[in-house]
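**Student:** Got a structure for you, written out below as structure tokens; questions coming shortly.
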Amino acid sequence: MDNRPIGIFDSGVGGITVLKEIQKRLPNENYIYLGDTKNFPYGEKSREEIVKFAIQNVEYLIKQNVKIIIIACGTATSQAIDILQQKFEIPIIGIIKPTVEYIKEKEYKEVGVIATEGTIRSGEWERQLRKNISNINVINKACPMLATIAEEGRATGIEGRNAIKEYMKSFKEKKINKIILGCTHFPIYEQVIRDELKYDVELINTGKTVAKYLEEYLNEKELYTQSKKGNIKIELTKKEEEFSRIVNDILKEKV
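In the working numbering, the protein residues as written are 6 to 260.
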């Protein structure tokens with residue numbers, strides 16, 4: 006048993022989609038969410054910068070006495086998780102490993118990956134998928150505008166829809182029907198993507214795969230809380246006007 010909170014960080018509001026799925030599975034846990042809005046977006050930054058920001062985020066959450074840290078960010082997972090796990094003793098979980106395990110379990114042989122420029126450039130999704138699943142076909146697509154549009158609360162507006170139309174062209178032509186949402190901002194676009202593709206597609210939400218993985222981990226290590234009702238504390242490195250509204254839209258509750 007461990008009543009300390011679970012720490013979660015992202016460059017902005019995207020990681021709230023992960024928090025939402027974790028909270029569904031683990032409603033009694035307490036959460037501290039850190040949005041590094043001061044340094045958003047991570048997708049355009051160098052690996053050195055992303056590693057630096059990720060280390061700062063982990064150090065902050067450790068000071069808040071968390072028991073485990075979730076990197077609810079595709080870019081930070083792809084660029085920094087190995088360094089973070091070597092540097093810190095606290096358990097750190099990213100979004101890639103749990104999702105690769107899910108795809109392996111399902112025995113999928115072809116998946117699309119949409120993510121930030123930095124994540125696709127790192128090649129980490131494709132590397133981990135190919136390492137763990139033989140003969141899998143991976144189709145990557147960098148979607149550099151989506152995180153920023155979502156962060157500004159415009160994902161379902163004309164700008165978001167036009168961006169999705171452009172980014173989905175190649176997937177639509179090939180009728181790719183399994184797509185990993187490799188940036189945690191992207192579940193915000195789920196309905197927009199479905200509207201654009203107009204065929205039956207599984208949009209793989211990394212928040213769901215992480216939530217399942219975390220639940221199993223806490224049970225295995227006996228780190229789950231005795232608390233009867235959890236709470237959420239949200240911290241930002243820079244105040245953003247739209248943040249609260251988007252968080253409330255995602256969580257369907259006021260935080």
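Glycine included, C-beta positions come from ideal geometry on N, C-alpha and C.
Specify the secondary structure class of L228 as computed by DSSP and reduced to three states.
**Tutor:** Of the three classes helix, strand and coil, the one that applies to L228 here is coil, per DSSP.
**Student:** Enumerate in chain order the residues of its own chain whose CB-to-CB distance from A147 is below 6 Å, with the five nearest sequence positions on each side excluded.
**Tutor:** So the list reads E122, I125, once near-sequence residues are dropped.
**Student:** Among Y38, K257, Q90, N145, which residue has its Cα nearest to the Cα of E129?
**Tutor:** Nearest option by C-alpha distance: N145.
**Student:** Less than 8 Å between the beta carbons of R186 and L208, yes or no?
**Tutor:** A small correction: the amino acid at residue 186 is Leu; Arg does not occupy that position in the sequence shown. Contact flag set, yes.
**Student:** So what's L186 in DSSP terms, helix, strand or just coil?
**Tutor:** DSSP places L186 in strand when its eight states are reduced to three.
**Student:** Residue range of the beta strand (DSSP E) that I119 falls in?
**Tutor:** Here the beta strand (DSSP E) through I119 covers 115-120.
**Student:** Which residue marks the beginning of the beta strand (DSSP E) containing E207, and which one marks its end?
**Tutor:** That run of the beta strand (DSSP E) goes 207-210.
**Student:** Does DSSP put N145 in a helix, in a strand, or in coil?
**Tutor:** In the structure shown, N145 sits in a strand (DSSP, three-state: E or B).
**Student:** Just the Cα atoms here: how many angstroms apart are G165 and V197?
**Tutor:** The straight-line gap from Cα to Cα measures roughly 8 Å.
**Student:** Would the stretch 45-59 count as touching the stretch 252-259 if we require 3 or more Cβ pairs under 8 Å?
**Tutor:** No, they do not touch.
**Student:** Tell me whether the stretch 172-191 and the stretch 210-226 touch, counting them as touching only if at least three CB pairs, one residue from each stretch, are closer than 8 Å.
**Tutor:** They touch, by the three-pair rule.
**Student:** Of the choices G40, E112, Y47, whose alpha-carbon is the least far from that of L66?
**Tutor:** Closest option to L66, Cα to Cα, is G40.
**Student:** With a threshold of 7 Å on Cβ separation, who are the neighbours of E245 within its own chain once the five nearest residues in sequence on each side are excluded?
**Tutor:** Taken in chain order, the residues that qualify are T42.
**Student:** So for D200, helix, strand or coil by DSSP?
**Tutor:** Reduced to three states, the DSSP call for D200 is helix.
**Student:** Have a look at T230, A168, K233 and flag the residue whose alpha-carbon is nearest the alpha-carbon of E201.
**Tutor:** Of the candidates T230, A168, K233, the one whose C-alpha sits nearest the C-alpha of E201 is A168.
**Student:** Exposed or buried, S175, counting other C-beta atoms within 10 Å across all chains shown (16 or more means buried)?
**Tutor:** Counting Cβ neighbours within 10 Å, S175 comes out exposed, since fewer than 16 surround it.
**Student:** When burial is assigned at 16 or more other CB atoms within 10 Å of the CB, is N8 buried or exposed?
**Tutor:** Its Cβ having fewer than 16 others within 10 Å, N8 is exposed.
**Student:** Strictly by DSSP, which residues pair up with I75?
**Tutor:** According to DSSP, I75 bridges with I13, I98.
**Student:** Quick one: grab the DSSP three-state call for G40.
**Tutor:** Three-state result, G40: strand.
**Student:** Can you give the Cα-Cα distance for V63 and I74, rounded to whole angstroms?
**Tutor:** Each residue's Cα considered, the two are about 7 Å apart.
**Student:** Measuring CB to CB, does G19 end up less than 8 Å from A160?
**Tutor:** Not in contact: G19 and A160 (Cβ atoms no closer than 8 Å).
**Student:** Assuming I76 contacts I100 (C-beta within less than 8 Å), just tell me the rounded distance between them.
**Tutor:** Indeed they touch by this definition, with Cβ atoms about 7 Å apart.
**Student:** Pull up the distance between the alpha-carbon of K25 and that of P103, whole angstroms please.
**Tutor:** Each residue's alpha carbon lies about 16 Å from the other.
**Student:** Which residue comes first and which comes last in the beta strand (DSSP E) that contains E240?
**Tutor:** Run containing E240: 237-241, per the beta strand (DSSP E) assignment.
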